[in-house]
Structures are given as C-alpha cells and as structure tokens.
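Enquirer: Okay, so the sequence shown: first residue is 58 according to the numbering used here, each after it adds one.
Yeah, the Cβ is synthetic: ideal placement off N, Cα and C, and Gly gets one too.
Since the model is a prediction, treat every value here as computed from it, not as a measurement.
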Amino acid sequence: MFIAMNRFKVLPEKEGEFKSRWLDREVLLKTAPGFLMIQFMRGDVLADYVVYASQTIWASRDAYEAWRQSKLFHTAHKDMGQGDVLTLEKREFSGYDVLRTVPAQEQAA
C-alpha cells in the first residue's frame with residue numbers, strides 16, 4: 058500500500074471556504090484503479106493558521122503515480138489555485154510506502 062498525505066496551513070478567516078471546497082466537491086478519484094480511501098482531517102488551531110490534512114490510501118505507489126498522470130487527475134485539479142488564497146503557504150506533500158499494517162483484534166461478543 059501507499060499513502061499520499063497533504064498538509065495545509067489554512068488562514069483562519071478562510072477556513073469555511075477551504076472546508077467547503079473539500080467537502081462539497083465530487084470525489085473523482087474514487088473511480089481510479091488502485092484507490093482505496095480518502096480522509097480529510099482538521100488539526101490544531103494555531104495563532105496564524107488552522108492545520109488541515111488529506112490522506113489517500115492506494116493499493117500501491119504505482120497506482121498512485123498512474124492516477125497522478127491520468128486525465129481524471131487533471132480534471133479533478135483543473136481549478137486548483139484559482140480564486141482567493143486560502144492558505145498561508147503551498148501545501149506540504151509526503152508519500153509513504155506502508156511497511157506494516159496491524160488490524161484491530163476482534164472483541165468477543
């Protein structure tokens with residue numbers, strides 16, 4: 058598996074608009090081969106910004122890279138960077154190859 062994470066420093070006065078852009082749009086990548094899940098998260102509220110993150114989980118790094126090169130990716134991101142500036146700086150990307158996953162132990166009924 059491969060995890061792609063983006064971290065955003067959102068301007069406090071633009072938080073509502075930032076959340077709407079994420080929560081109100083169609084999630085086109087759900088049809089991408091190898092896509093498993095996306096999560097959108099709100100983190101700490103700091104003096105100058107509010108931390109947000111997104112994480113997508115893929116069957117493999119190759120599946121993620123194929124998505125990045127696809128027409129669907131370019132369609133999904135065609136308006137990125139348009140409109141008001143909502144963040145303090147450019148997003149911070151990190152990619153991770155999963156080395157180990159430990160599922161929860163089932164509880165007896």
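Please state whether DSSP places L85 in a helix, a strand or coil.
Expert: Three-state result, L85: helix.
Enquirer: In angstroms, rounded to a whole number, what distance separates the CA positions of H131 and F65?
Expert: When rounded, the distance between both Cα atoms is 20 Å.
Enquirer: How would you label T88, buried or exposed, when you count the other beta carbons within 10 angstroms and need 16 or more for buried?
Expert: With fewer than 16 other Cβ atoms within 10 Å, it is exposed.
Enquirer: For E83, which of E72, R157, I95 and G73 has the nearest alpha-carbon?
Expert: Comparing Cα-Cα distances from E83 to each of E72, R157, I95 and G73, the minimum goes to I95.
Enquirer: Return the residue from the list A133, F59 and Q164 that minimises the CA-CA distance to L86.
Expert: Ranking the options by Cα distance to L86, first place goes to A133.
Enquirer: With a cut-off of 8 Å on the beta carbons, I'd call W124 and M58 a contact; round off their distance for me.
Expert: So it is not a contact: roughly 14 Å between Cβ atoms.
Enquirer: Closer than 7 Å by C-beta to L93: which residues in its own chain qualify, once you throw out the five before and the five after it? Chain order, please.
Expert: Same-chain partners within the cutoff: I114, W115 and A116.
Enquirer: In angstroms with no decimal places, state the Cα-to-Cα distance between N63 and A110.
Expert: Cα to Cα, the separation comes out at about 5 Å.
Enquirer: Return the CA-CA distance between V102 and E72, expressed in angstroms with no decimal places.
Expert: One C-alpha to the other measures close to 11 Å.
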